[in-house]
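Here's the structure we're looking at; comments come further down.
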Amino acid sequence: MTVDDANTGDDRPEPPEPSGTPEEGAGRSGAASGTAAASSGGDGTAPSGAGGAAAPGAGEAAEPPAYPTPHHAVDHTVEPTDDPLAIRLEQLILGADRRYTPFQAARTAGVSMELASRFWRAMGFADIGQAKALTEADVLALRRLAGLVEAGLLSEPMAVQVARSTGQTTARLAEWQIDSFLEGLTEPPEPGMTRTEVTYPLVELLLPELEEFLIYVWRRQLAAATGRVVQAADDEEMVDRRLAVGFADLVGFTRLTRRLEEEELGELVEAFETTCADLVAAHGGRLIKTLGDEVLYAADDAGIAAEIALRLIETLSQDETMPALRVGIAFGTVTTRMGDVFGTTVNLASRLTSIAPKDAVLVDSAFAEELTRTGEVPVSEAEAAEEAARAEKEGRTPRAYRFALQPMWQRSVRGLGVVEPWLLGRRPT
Numbered sequence: 000m001t002v003d004d005a006n007t008g009d010d011r012p013e014p015p016e017p018s019g020t021p022e023e024g025a026g027r028s029g030a031a032s033g034t035a036a037a038s039s040g041g042d043g044t045a046p047s048g049a050g051g052a053a054a055p056g057a058g059e060a061a062e063p064p065a066y067p068t069p070h071h072a073v074d075h076t077v078e079p080t081d082d083p084l085a086i087r088l089e090q091l092i093l094g095a096d097r098r099y100t101p102f103q104a105a106r107t108a109g110v111s112m113e114l115a116s117r118f119w120r121a122m123g124f125a126d127i128g129q130a131k132a133l134t135e136a137d138v139l140a141l142r143r144l145a146g147l148v149e150a151g152l153l154s155e156p157m158a159v160q161v162a163r164s165t166g167q168t169t170a171r172l173a174e175w176q177i178d179s180f181l182e183g184l185t186e187p188p189e190p191g192m193t194r195t196e197v198t199y200p201l202v203e204l205l206l207p208e209l210e211e212f213l214i215y216v217w218r219r220q221l222a223a224a225t226g227r228v229v230q231a232a233d234d235e236e237m238v239d240r241r242l243a244v245g246f247a248d249l250v251g252f253t254r255l256t257r258r259l260e261e262e263e264l265g266e267l268v269e270a271f272e273t274t275c276a277d278l279v280a281a282h283g284g285r286l287i288k289t290l291g292d293e294v295l296y297a298a299d300d301a302g303i304a305a306e307i308a309l310r311l312i313e314t315l316s317q318d319e320t321m322p323a324l325r326v327g328i329a330f331g332t333v334t335t336r337m338g339d340v341f342g343t344t345v346n347l348a349s350r351l352t353s354i355a356p357k358d359a360v361l362v363d364s365a366f367a368e369e370l371t372r373t374g375e376v377p378v379s380e381a382e383a384a385e386e387a388a389r390a391e392k393e394g395r396t397p398r399a400y401r402f403a404l405q406p407m408w409q410r411s412v413r414g415l416g417v418v419e420p421w422l423l424g425r426r427p428t
């Protein structure tokens, strides 16, 4: 998503709302890139095929998939690669040989072909017809997911959702590791050596370390997310929570893409995303997603969200290679789904970003009220001045406020009515 220099925020597309049920849209064709991440026991992986992650098939004619791809025909002729090195790497990564067709794997796991296809597609794997490409790990993964449903711990739609969220997250991770990490490390160290001669031993050394690190980070993130949920005020707030949501957007990024070479543009985007991710994490926020020239983050506390926004402006403004930045923050009820956030609060934050001045932060009235309630800003400047005068007269230190708010002109925002933005800044010391 990009925003041009002109503050024509009313034409800015809204963040997408979730559509469909968790089980819908399960059909996907085309080979998914990368390899699937292993679960803590090394199971739950899926086969790798041509061009990356291979995929189980949709099933035999006797048991057609219940959710065929609605927009295009599924290619049931996709076959796993026969390249010897690719097969060796697949066996190394999955820890097992190809043994089952999709139908055999589903039958061995005691799962219907219909449900198995839904799980596999949710994980992002293309159909491979009935090629023999699956392993014991695929069977065990099916058993585990189906077992959670049978035990009543997860509903079937929720199990599909777990498969989808895990597949989407790990696919992106695997893609990055192959494209950016392994590609650089597998440069032939000596003349005459091929990259393929280096890849296998390197993967053999890295695989257990990366797997353990993945599990460690996941457990840490799970512990943090669980802690936030259990601290919610009530059960309803566990799903629809009150959060501060902020968008940080590079100004004039569209024009910049026409001027910079691809490598320069990639380096700029990486620097922007890295800086934002580090600052958001360091100050207690959560990075929701990055969109090239834009970052979406959230925080449980308005003061944390405000500090992050101002730090982003201050840090990036010192980098002469970086375009100007603008940030919009809104506070209110937010629906969370698959690690993303949705709702009117998110849309309002996006709109505020599009109308914010360069190197400035705009917030909505609910965010301003929350900062006032928590004592981060004074109720009014006049009251703050009176308090400071009394403190000086009594020989004590006046109350310190972290932030300052300046009311801006009200304006109508498409789809949201009239909003009252406030300009956020630091309190003079």
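Counting from 0, one number per residue, gives the positions in the sequence shown under numbering that gives the first Met the number 0. Here a beta-carbon is modelled for each residue, glycine too, at the ideal position from N, C-alpha and C.
Given that a residue counts as buried once 16 or more other Cβ atoms are within 10 Å of its Cβ, and exposed if not, what is residue i?
| i | result |
| --- | --- |
| Pro-101 | buried |
| Trp-430 | Outside the shown range of the chain, which is 0 to 428, sits residue 430, and nothing can be said about it. |
| Gly-109 | exposed |
| Ser-349 | buried |
| Thr-352 | buried |
| Arg-285 | buried |
| Glu-419 | exposed |
| Met-192 | exposed |
| Tyr-296 | buried |
| Pro-377 | buried |
| Trp-175 | exposed |
| Ala-440 | Nothing about residue 440 can be reported from this structure: the residues present for the chain run from 0 to 428 only. |
| Ala-104 | buried |
| Phe-366 | buried |
| Thr-344 | buried |
| Phe-246 | buried |
| Thr-20 | With a pLDDT of only 38 at Thr-20, under 50, the local geometry of the prediction cannot be trusted, and the value read off the model is given with reservation. It is exposed - the Cβ of Thr-20 has fewer than 16 other Cβ atoms within 10 Å. |
| Ala-329 | buried |
| Gly-48 | Any reading at Gly-48 must be qualified, since the residue scores a pLDDT of 38, below 50, and its modelled position is unreliable; the value itself is stated next. Buried: at least 16 other Cβ atoms inside 10 Å. |
| Gly-327 | buried |
| Glu-208 | exposed |
| Asp-318 | exposed |
| Ser-411 | exposed |
| Ser-379 | exposed |
| Thr-165 | buried |
Identify the continuous beta strand (DSSP E) that holds residue i and give its terminal residues.
| i | result |
| --- | --- |
| Pro-406 | 402-406 |
| Glu-293 | 293-298 |
| Val-417 | 416-418 |
| Gly-424 | 421-425 |
Give every residue of the same chain whose Cβ lies closer than 6 Å to the Cβ of residue i, excluding the five residues on either side of it in the sequence, and list them in chain order.
| i | result |
| --- | --- |
| Glu-272 | Thr-289 |
| Glu-59 | Residue placement at Glu-59 is flagged as unreliable, the pLDDT there being 41, under the threshold of 50; the coordinate-derived value follows with that caveat. So the qualifying residues of the chain are Phe-102. |
| Leu-144 | Phe-118 and Ala-158 |
| Ala-276 | Leu-286 |
| Gly-40 | Because the pLDDT at Gly-40 is just 37, under 50, the model does not fix this residue reliably, and the value given afterwards should be weighed accordingly. Same-chain partners within the cutoff: there are none. |
| Ala-383 | Pro-377 |
| Gly-291 | Val-268 |
| Pro-69 | Caution applies to Pro-69, whose pLDDT of 36 falls short of 50 and renders its modelled position unreliable; the value that the coordinates give is listed next. Cβ neighbours of Pro-69 beyond the five flanking positions: none. |
| Val-294 | Ala-247 and Cys-275 |
What residues are listed by DSSP as bridge partners for residue i?
| i | result |
| --- | --- |
| Ile-328 | Gly-245 and Val-362 |
| Val-197 | None, per the DSSP bridge assignment. |
| Arg-87 | According to DSSP, which records beta bridges pairwise, Arg-87 is partnered with nothing at all. |
| Val-333 | Arg-240 |
| Thr-289 | Val-294 |
| Val-202 | The partner list for Val-202 (beta bridge, DSSP) is empty, contrary to what the question assumes. |
Spatial neighbours of residue i within its chain, please: CB distance less than 8 Å, with the 5 preceding and 5 following residues excluded, ordered by chain position.
| i | result |
| --- | --- |
| Ala-323 | Leu-249, Val-250, Gly-251, Ser-316, Lys-357 and Asp-358 |
| Arg-98 | Lys-131, Leu-133, Thr-134 and Glu-135 |
| Asn-6 | At Asn-6, the pLDDT of 40 sits below 50, so the modelled position is not reliable and the matter cannot be decided from this model. |
| Glu-375 | Ala-301, Gly-302, Ala-305, Tyr-400, Arg-401 and Phe-402 |
| Gln-167 | Gly-123 and Met-337 |
| Glu-203 | Leu-91 |
| Glu-266 | none |
| Glu-62 | Only weak support is given to the placement of Glu-62: the predicted model assigns it a pLDDT of 41, under 50, and the value that follows is read from those uncertain coordinates. For Glu-62, where only same-chain residues beyond five positions count, the Cβ hits under 8 Å are Phe-102, Ser-111, Met-112 and Glu-113. |
| Trp-421 | Leu-361, Val-362, Asp-363, Ser-364, Phe-366, Ala-367, Leu-404, Gln-405, Pro-406 and Met-407 |
Short of 7 Å in beta carbon distance, which residues of its chain neighbour residue i, apart from the five on each side in sequence? Order them along the chain.
| i | result |
| --- | --- |
| Arg-310 | Leu-278 and His-282 |
| Thr-107 | Tyr-99 and Val-138 |
| Thr-76 | Its pLDDT being 39, under 50, Thr-76 is placed unreliably in this model, and the coordinates cannot settle the point. |
| Ala-95 | Thr-134, Glu-135 and Ala-136 |
| Thr-373 | Ala-301 and Gly-302 |
Taking residue i as part of the alpha helix (DSSP H), name the residues at either end of that continuous run.
| i | result |
| --- | --- |
| Glu-313 | 301-315 |
Counting only beta-carbon atoms, is residue i nearer than 9 Å to chain C?
| i | result |
| --- | --- |
| Arg-254 | Given the protein chain composition of this structure (a single chain), no chain C is represented. |
- Item | 3-residue-minimum beta strand (DSSP E) runs that sit fully inside the segment 339-413, ordered along the chain | List check, beta strand (DSSP E) in window: 339-341, 359-362, 402-406 and 410-412.
- Entirely within the segment 93-176 and at least 4 residues each: give me those alpha helix (DSSP H) ranges in chain order. 101-108, 112-121, 135-149 and 155-175, all fully within the segment 93-176.
- alpha helix (DSSP H) runs wholly inside the segment 259-286, at least 4 long, in chain order: The alpha helix (DSSP H) runs of length 4 or more contained entirely in the segment 259-286 are, from start to end of the chain, 261-281.
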